[in-house]
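Read top to bottom, the protein sequences are chains H and E. Using my numbering, the first residue of the first sequence is number 20, and each one after it goes up by one. Using my numbering, the first residue of the second sequence is number 1155, and each one after it goes up by one. What follows is a short report on a single structure.
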Amino acid sequence: MSNKIAVKVDDLTVAYNYKPVLWDIDLEIPESVLMAIVGPNGAGKSTLIKSILGILKPIAGSVSIYGKSYEKQRSLVAYVPQKGSVDWDFPTTALDVVMMGTYGSLGWIKRPKQKQKKAALEALEKVGMLPFKGRQISQLSGGQQQRIFLARALVQDASIYFMDEPFQGVDATTEIAIINILKELRKAGKTVIVVHHDLQTVPEYFDWVTFLNVKKIATGPVKDIFNDDNLTKTYGINYKVSIQE
Amino acid sequence: MSSAQIEIQLIASLVAIACAIPGTFLVLRKMAMISDAISHSILPGIVIGFFITQDLNSPLLILLAALTGVITVVLVEYIQKTGLVKEDTAIGLVFPVLFSIGVLMIAKKANDVHLDIDAVLLGELALAPFDRLLISGVDVGPKSLWIIGSILCITVLLLLAFFKELKLSTFDKGLAASLGFSPAIIHYGLMTVSSITTVGAFDAVGAILVVALMIAPAASAYLLTTDLKKMLILSIIFGVLSAISGYWFAHWLDASIAGSITTMLGVLFLIVYLFAPSKGIIAVLYREKQQRIEVSLLTFLLHLKNHDDENERHVNHLNEHINWQKVRSKIVLDLALKNNMIMIDDSIVFLTPKGDKFTTQAIDYIITNEDAQIEGMKDDFFLFRG
Chain H
20 MSNKIAVKVD DLTVAYNYKP VLWDIDLEIP ESVLMAIVGP NGAGKSTLIK SILGILKPIA
80 GSVSIYGKSY EKQRSLVAYV PQKGSVDWDF PTTALDVVMM GTYGSLGWIK RPKQKQKKAA
140 LEALEKVGML PFKGRQISQL SGGQQQRIFL ARALVQDASI YFMDEPFQGV DATTEIAIIN
200 ILKELRKAGK TVIVVHHDLQ TVPEYFDWVT FLNVKKIATG PVKDIFNDDN LTKTYGINYK
260 VSIQE
Chain E
1155 MSSAQIEIQL IASLVAIACA IPGTFLVLRK MAMISDAISH SILPGIVIGF FITQDLNSPL
1215 LILLAALTGV ITVVLVEYIQ KTGLVKEDTA IGLVFPVLFS IGVLMIAKKA NDVHLDIDAV
1275 LLGELALAPF DRLLISGVDV GPKSLWIIGS ILCITVLLLL AFFKELKLST FDKGLAASLG
1335 FSPAIIHYGL MTVSSITTVG AFDAVGAILV VALMIAPAAS AYLLTTDLKK MLILSIIFGV
1395 LSAISGYWFA HWLDASIAGS ITTMLGVLFL IVYLFAPSKG IIAVLYREKQ QRIEVSLLTF
1455 LLHLKNHDDE NERHVNHLNE HINWQKVRSK IVLDLALKNN MIMIDDSIVF LTPKGDKFTT
1515 QAIDYIITNE DAQIEGMKDD FFLFRG
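Put into structure tokens, the structure is as follows:
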């Protein structure tokens, strides 16, 4: 990691129908980390990502990406939503979904051309899904669908990647394939932020972690702050997890 | 064919195309009922527009009525957002109220014009050729043809310009928002187009048929293709087919054209629903039957693999051991034999090397759920086609 701050969140408060789901969050994410956001269900993990990306409007606070507002820095950011957030029966192919990642750089009205198609095919290759490029997306397994989503983010060629539970419902092989790609991204100087559920794999996969439960509990290097104390503060009384060194 | 007949079919076909385009996106966005709401609640807009313009074909009237359609959508969303009722309830609350306001306004004020409830619900396509558009005294065709033609042109232009944005925001709203394609703009854009199309088609085909023309062709096309562009094209073809066949059906029956077109749409959907190659009912039932047989086959092979005891593998005792009826055991036994997966030697069943390999692979797949293992098997067996 470098000393640059990739994402900065100041006093962010988000509410659904006047019930706060995120309360006064301050967060600085350094450049070139692979960060897990952990916390119990309803802790506001997805909400945090969606607020940073401008999908949800906060009632207070601000977000900056490399010192500027998200609207100005869109091209630096890629987003992988939860797999369950889309209708996989939608009439389209794997390649077409990956092509959607290029739409941001195209802007309104302009159509994707050969260049975008080539980028999409390369991204499919990277996630090992090239043989499935023409397949209708409902005919893919859960792991394959997740890979398609990852390829769609890769094709954006961003600096910061936000991923909402990329390991949900995938098999072990896919999980390893995905984490290897994420680690490569970090090595290439990218910042990767992942909503994560499996506490056991945090030390193995990530080098940075944020504990969240409506409020921010802690954020920092996994080796410094991933401990029973913070886990208990986040998840409730006496939460113990055996950390494999 | 007389020129009036041709004109009616042309109007019906253009209406069908103009409806099929937004309809496809409404179906994919699971908003089919919204078109029902719009088609009814634009009535007060039409009546108010008529009071102002005194002309049922005025563009101002169309815009006013379309605005009522968009207001309907906003009201439905507002009620839904309070979290007190669900979306379908909100729809059911909003449009009957607006519609009945329109009905009351017609009854009180517009009794002497041709705005009557029957025409509103079912349209008067047969009368469309009599209302001509005259430009400096020259007859250039029926007014409805020009109205729906203009609306269709705008719809097609918008579709070509914003196809990418429509597709993205329909499939993945979150990504659309994060990439800077405001889903709200696209949503209300689509709602506006749907409303304008509904108003334009309303006079010709009525409130009920507008809904059918938006939803039925798209729903039929959805069952036939896995490609959005093809789905749009198929919806358009289905719409036009129903419009023309419906016209001749009405001609033959001497009945309402709108009613006949709607009937054709229903028949068409029914045919597709039954016979669509992969999503149709018959295909699904056939596939399920195949899958049942194949699961049985696998159960049977696994039984052979797990039991060395001759007693367990004797042809005559198989049904007791796997707890099946004789007929089923026979089918499965034949299937296994046909595929060279078993040998029968002196009434004792053995797995062949091929059968053994197949069983191992299949079990592997079921346990690990990894697709790579069975890519080669997928073509032979339905079971693994997901």
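We treat Cβ as the ideally placed atom computed from N, Cα and C, and that holds for glycine. In this text, all values refer to a predicted model and were calculated from it rather than measured experimentally.
In the structure shown, the three-state DSSP call for residue 47 of chain H is strand.
In the DSSP assignment, residue 249 of chain H falls within the unbroken alpha helix (DSSP H) covering 247–254. Residue 1307 of chain E is classed as exposed because its beta carbon has fewer than 16 other beta carbons within 10 Å across all chains shown. Residue 75 of chain H sits in coil when the DSSP states are folded into three classes, being neither helix nor strand. Secondary structure at residue 1387 of chain E: helix, using DSSP grouped into helix, strand and coil. Contact between residue 44 of chain H and residue 25 of chain H is ruled out by a C-beta separation of about 16 Å, above the 8 Å threshold. The C-alpha of residue 94 of chain H lies about 12 Å from the C-alpha of residue 88 of chain H.
Here the C-alpha atom of residue 1329 of chain E lies approximately 26 Å from the C-alpha atom of residue 1375 of chain E. Considering only E:1406, E:1189, E:1282 and E:1283, the residue with the shortest C-alpha distance to residue 1224 of chain E is E:1189. Taking 7 Å as the cut-off between beta carbons, the residues of the region 1384–1395 of chain E near chain H are 1385, in sequence order.
Counting C-beta atoms within 10 angstroms of its own C-beta, residue 1461 of chain E has fewer than 16 neighbours from the protein chains shown and is therefore classed as exposed.
Boundaries cannot be given for residue 85 of chain H, as no alpha helix (DSSP H) includes it and DSSP labels it neither H nor E. Unbroken beta strand (DSSP E) runs of no fewer than 3 residues, entirely contained in the region 1224–1262 of chain E, are not found. Under a 10 Å Cβ-count criterion, residue 219 of chain H is classified as exposed, with fewer than 16 other Cβ atoms of the shown protein chains found around its own Cβ. Between the alpha carbons of residue 162 of chain H and residue 186 of chain H lies a distance of about 8 Å.
Listed by position along chain H, the residues whose Cβ is nearer than 7 Å to that of residue 1319 of chain E are 127.
In this structure the region 235–254 of chain H does not touch the region 1235–1250 of chain E; the number of beta carbon pairs closer than 8 Å is below three. Under the Cβ criterion of 8 Å, residue 1328 of chain E is counted among the residues facing chain H.
In terms of CA proximity to residue 29 of chain H, H:42 leads the group H:42, H:142 and H:23. Residue 1284 of chain E counts as exposed, since fewer than 16 other C-beta atoms from the protein chains shown sit within 10 angstroms of its C-beta.
At a cut-off of 8 Å between beta-carbon atoms, residue 1229 of chain E makes no contact with chain H. The beta carbon of residue 131 of chain H lies closer than 6 Å to those of 118 and 121 in the same chain, with the five residues before and after it left out. The beta carbons of residue 1411 of chain E and residue 1196 of chain E sit no closer together than 8 Å.
The closest CA to that of residue 202 of chain H, considering only H:190, H:217, H:216 and H:223, is found on H:223.
Those residues of the region 182–203 of chain H placed with their C-beta closer than 7 Å to a C-beta in chain E are 190 and 192, ordered along the chain. Closest in C-alpha terms to residue 69 of chain H, from the list E:1348, E:1236, E:1327 and E:1382, comes E:1327. In the structure shown, residue 1473 of chain E adopts helical secondary structure according to DSSP, grouped into three states.
DSSP, read as helix, strand or coil, puts residue 1478 of chain E in coil.
By a beta-carbon distance limit of 8 Å, residue 210 of chain H does not contact residue 90 of chain H. Their separation comes to about 19 Å.
Taking a cut-off of 8 Å for Cβ pairs, the region 106–117 of chain H and the region 1365–1381 of chain E touch, as three or more such pairs fall below it. Note on residue 1501 of chain E: under 16 other CB atoms within 10 angstroms of its CB, so exposed under the neighbour-count rule. Look at the region 192–238 of chain H and you find these whole runs of beta strand (DSSP E), each 3 residues long or longer: 210–214 and 227–232.
Counting the other Cβ atoms within 10 Å of the Cβ of residue 1453 of chain E gives fewer than 16, which makes it exposed. Sixteen is the threshold: since fewer than 16 other Cβ atoms of the shown chains lie within 10 Å of the Cβ of residue 1258 of chain E, the residue is exposed. For residue 1427 of chain E, the uninterrupted alpha helix (DSSP H) segment begins and ends at 1411–1429. With contacts defined by Cβ atoms closer than 8 Å, residue 214 of chain H and residue 38 of chain H do not form a contacting pair.
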